[in-house]
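If you read the sequences in order, they're chains A and B.
Here our numbering is used: position 20 in the first sequence is 568, and no number is missing along the way.
Here our numbering is used: position 16 in the second sequence is 564, and no number is missing along the way.
C-beta: ideal position from N, C-alpha, C; glycine also.
Please read all numbers here as calculations on a predicted model, not as lab measurements.
Protein chains: 2
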Amino acid sequence: MTEPALPRAERRRRTEQRILDAARELFAERGFERTTIRAVAAVAEVDPALVMQYFGNKRRLFAEAVRVTGPADSAGSPEEAVEQLLGTLGLKMRLPPASLAMLRSMLTHPEAAATAREALSRQVEQVSASLPGEDAPLRAALMTTILLGVTVGHQLLELDELREASHDDLVAALRPALRALAETDT
Amino acid sequence: MTEPALPRAERRRRTEQRILDAARELFAERGFERTTIRAVAAVAEVDPALVMQYFGNKRRLFAEAVRVTGPADSAGSPEEAVEQLLGTLGLKMRLPPASLAMLRSMLTHPEAAATAREALSRQVEQVSASLPGEDAPLRAALMTTILLGVTVGHQLLELDELREASHDDLVAALRPALRALAETDT
DNA sequence: CTCTTCGCTCAACAGGCGTTGACTCAACGA
DNA sequence: TCGTTGAGTCAACGCCTGTTGAGCGAAGAG
Numbered sequence: 549m550t551e552p553a554l555p556r557a558e559r560r561r562r563t564e565q566r567i568l569d570a571a572r573e574l575f576a577e578r579g580f581e582r583t584t585i586r587a588v589a590a591v592a593e594v595d596p597a598l599v600m601q602y603f604g605n606k607r608r609l610f611a612e613a614v615r616v617t618g619p620a621d622s623a624g625s626p627e628e629a630v631e632q633l634l635g636t637l638g639l640k641m642r643l644p645p646a647s648l649a650m651l652r653s654m655l656t657h658p659e660a661a662a663t664a665r666e667a668l669s670r671q672v673e674q675v676s677a678s679l680p681g682e683d684a685p686l687r688a689a690l691m692t693t694i695l696l697g698v699t700v701g702h703q704l705l706e707l708d709e710l711r712e713a714s715h716d717d718l719v720a721a722l723r724p725a726l727r728a729l730a731e732t733d734t
Numbered sequence: 549m550t551e552p553a554l555p556r557a558e559r560r561r562r563t564e565q566r567i568l569d570a571a572r573e574l575f576a577e578r579g580f581e582r583t584t585i586r587a588v589a590a591v592a593e594v595d596p597a598l599v600m601q602y603f604g605n606k607r608r609l610f611a612e613a614v615r616v617t618g619p620a621d622s623a624g625s626p627e628e629a630v631e632q633l634l635g636t637l638g639l640k641m642r643l644p645p646a647s648l649a650m651l652r653s654m655l656t657h658p659e660a661a662a663t664a665r666e667a668l669s670r671q672v673e674q675v676s677a678s679l680p681g682e683d684a685p686l687r688a689a690l691m692t693t694i695l696l697g698v699t700v701g702h703q704l705l706e707l708d709e710l711r712e713a714s715h716d717d718l719v720a721a722l723r724p725a726l727r728a729l730a731e732t733d734t
């Protein structure tokens, strides 16, 4: 009808992408358990059986949907580590759907929990390396979980006090807390 | 057999308590969706139908299981607010099962999310009242979500770096971060 | 002792879920 | 042009879930 001619391979790629986008949206919104294959298929305007054909099962669909590119660069100074962490607070206020999907399910879906632990551990290790002091791992872990908490409160629980603040104000208010952990002066 | 004679009312109260304990345990461990009435009944050594008879439906059972006593006293000085928040980090390292159950489900079960938002809002308001500065609500919200994040990382995700630290070291390391938010000097 | 109350179980239902295999039909290669 | 491939659909399966109503048997009331 509206799509007159499209090569087979391209058509397949687009459909797969549509399913993946739908899955990310629903996983981010409702979490793993409350998201049904049928709902994903409906949003993607596709038959549920096709989702299975492309991704095998629901767990693999989720794993594929939450796969995200690593954070890349490592930090040198403690100040840089702080700024790097603050930067993860959603570029332009909003995290990628894949990350939101993983965060949403990390407390209830075992595989999401494992993925989250892995990602957080990597970040802790990275931050820890650029921190002075003997208890650097502990302080790095605190810095990481602090950002986890703020992100959860802001993006998932949508607490009013955080939503009302501008992104810059939020970052500015949070910075001293992270700096206090980045420097060793206790 | 082993329980020769027990008044009817007392027997009923104990059974209800056993169901409630089982529910809290499973909700805390697996969250709302992955916890089945049948599993709760099995742990409580009771027929699934009895759970329904006592609590009506699964949502009410959850609501009853996560009902928790309020935090009570309010703080005066910023320092007291910080110490009060640090005190919520699990008396003797472990939060009550009811709180764990609510935390576990707050990202995926809408009613748990509402309860969590309410509890957090109360805490934010309380902390905010004892904080100086114009952006006290924002800073109070950050302090609250910081504790949320650390609690989630420690109790639910069970991050190694946090588990390995002693309770006192953890509190001591976290204190400067909260103090930085409690005082207005930026 | 008799009738009532009620804590508790049994068996079943309806609905939704993930998942499957057979099928259709348009795009493709020779 | 004609067989082949493969994207996509259809209808169904078995399972597990929350939930229900009828019934049993012991504790309580008179």
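Status (buried if at least 16 other CB within 10 Å, exposed otherwise) for residue i
i, result
"Ala570 (chain B)", "buried"
"Arg578 (chain B)", "buried"
"Leu568 (chain A)", "buried"
"Glu558 (chain A)", "exposed"
"Pro718 (chain A)", "The identity of residue 718 (chain A) in the sequence shown is Leu, whereas the question assumes Pro. By the neighbour-count rule (16 or more Cβ atoms within 10 Å), Leu718 (chain A) is buried."
"Arg572 (chain B)", "buried"
"Ala662 (chain B)", "exposed"
"Gly697 (chain A)", "buried"
"Pro645 (chain A)", "buried"
"Thr656 (chain B)", "buried"
"Ala613 (chain B)", "buried"
"Gln632 (chain A)", "buried"
"Leu741 (chain A)", "Look at the range of chain A in this structure, 549 to 734, and you will see that residue 741 (chain A) is not part of it."
"Ser714 (chain B)", "exposed"
"Ala620 (chain B)", "exposed"
"Thr734 (chain B)", "Because the pLDDT at Thr734 (chain B) is just 49, under 50, the model does not fix this residue reliably, and the point stays unresolved."
"Ser622 (chain A)", "exposed"
"Thr699 (chain B)", "buried"
"Leu554 (chain B)", "exposed"
Contact set for residue i: own chain, Cβ-Cβ below 6 Å, skip 5 residues either direction
i, result
"Ala660 (chain B)", "Met650, Ser653, Met654"
"Leu598 (chain A)", "none"
"Val672 (chain A)", "Ala688, Ala689, Thr692"
"Ala684 (chain A)", "Ser676"
"Arg566 (chain B)", "Ala592"
"His702 (chain A)", "Leu710"
"Thr583 (chain A)", "Leu574, Phe575"
"Leu736 (chain B)", "Summary: the structure shown does not reach residue 736 (chain B), with chain B confined to residues 549 through 734, and so no result is reported for it."
"Asp708 (chain A)", "none"
"Pro680 (chain A)", "Thr732"
For residue i, the three-state DSSP class (helix, strand or coil)
i, result
"Leu722 (chain B)", "helix"
"Ala713 (chain A)", "coil"
"Arg642 (chain B)", "coil"
"Glu628 (chain A)", "helix"
"Leu695 (chain B)", "helix"
"Leu633 (chain B)", "helix"
"Leu707 (chain B)", "coil"
"Thr734 (chain A)", "Because Thr734 (chain A) sits at a pLDDT of 49, beneath the cut-off of 50, its placement in the model cannot be relied upon, and the following sentence gives the value as read from the coordinates. Here Thr734 (chain A) sits in coil by DSSP."
"Arg727 (chain B)", "helix"
Neighbourhood of residue i by C-beta distance below 7 Å, restricted to the same chain and skipping five residues each side
i, result
"Lys606 (chain B)", "Ile585"
"Glu731 (chain B)", "Pro626"
"Thr550 (chain B)", "Below a pLDDT of 50, predicted positions are generally treated as unreliable, and Thr550 (chain B), at 40, falls in that range; no measurement from the model is reported."
"Thr563 (chain A)", "Val594"
"Val616 (chain A)", "Pro644, Ala646, Ser647"
"Arg727 (chain B)", "Val630"
Residues near residue i in its chain [Cβ-Cβ closer than 8 Å; skip 5 each side]
i, result
"Arg723 (chain B)", "Val630, Leu634"
"Leu704 (chain B)", "Leu648, Leu651, Arg652"
"Ser678 (chain B)", "Ser622, Ala623, Gly624, Ser625, Pro626, Glu628, Ala629"
So if I threshold CB-CB distances at 7 Å, which residues from the segment 608 to 639 of chain A count as touching chain B?
Flagged: no residues at all.
Contacting positions in the segment 641 to 673 of chain B - beta carbon closer than 8 Å to chain A:
Flagged, chain order: Leu651, Arg652, Ser653, Met654, Leu655, Thr656, Ala661, Ala664, Arg665, Leu668, Ser669, Val672.
Segments assigned alpha helix (DSSP H), at least 4 residues, entirely inside the segment 644 to 690 of chain B:
645 to 653, 658 to 677, all fully within the segment 644 to 690 of chain B.
Please name the residues in the segment 680 to 699 of chain A whose beta-carbon is closer than 9 Å to at least one beta-carbon of chain B, in chain order.
Within the segment 680 to 699 of chain A, the qualifying residues are Asp683, Pro685, Leu686, Arg687, Ala688, Ala689, Leu690, Met691, Thr692, Thr693, Ile694, Leu695, Leu696, Gly697, Val698, Thr699.
In chain order, what residues of the segment 700 to 718 of chain A put their CB closer than 9 Å to some CB of chain B?
Of all residues in the segment 700 to 718 of chain A, Val700, Gly701, His702, Leu704, Leu705, Glu706, Leu707, Asp708, Glu709, Leu710, Glu712, Ala713, Asp717, Leu718 have a Cβ within less than 9 Å of some Cβ in chain B.
Quick check on the DSSP output: what are the complete beta strand (DSSP E) runs of length 3 or more inside the segment 550 to 622 of chain A, in order along the chain?
Secondary structure remark: continuous beta strand (DSSP E) runs of at least 3 residues inside the segment 550 to 622 of chain A: none found.
Looking at chain B, which residues of the segment 561 to 586 of chain A have a Cβ within less than 9 Å of any of its Cβ atoms?
Among the residues of the segment 561 to 586 of chain A, those with a Cβ less than 9 Å away from any Cβ of chain B are Arg578, Gly579, Phe580, Glu581, Arg582, in the order of the chain.
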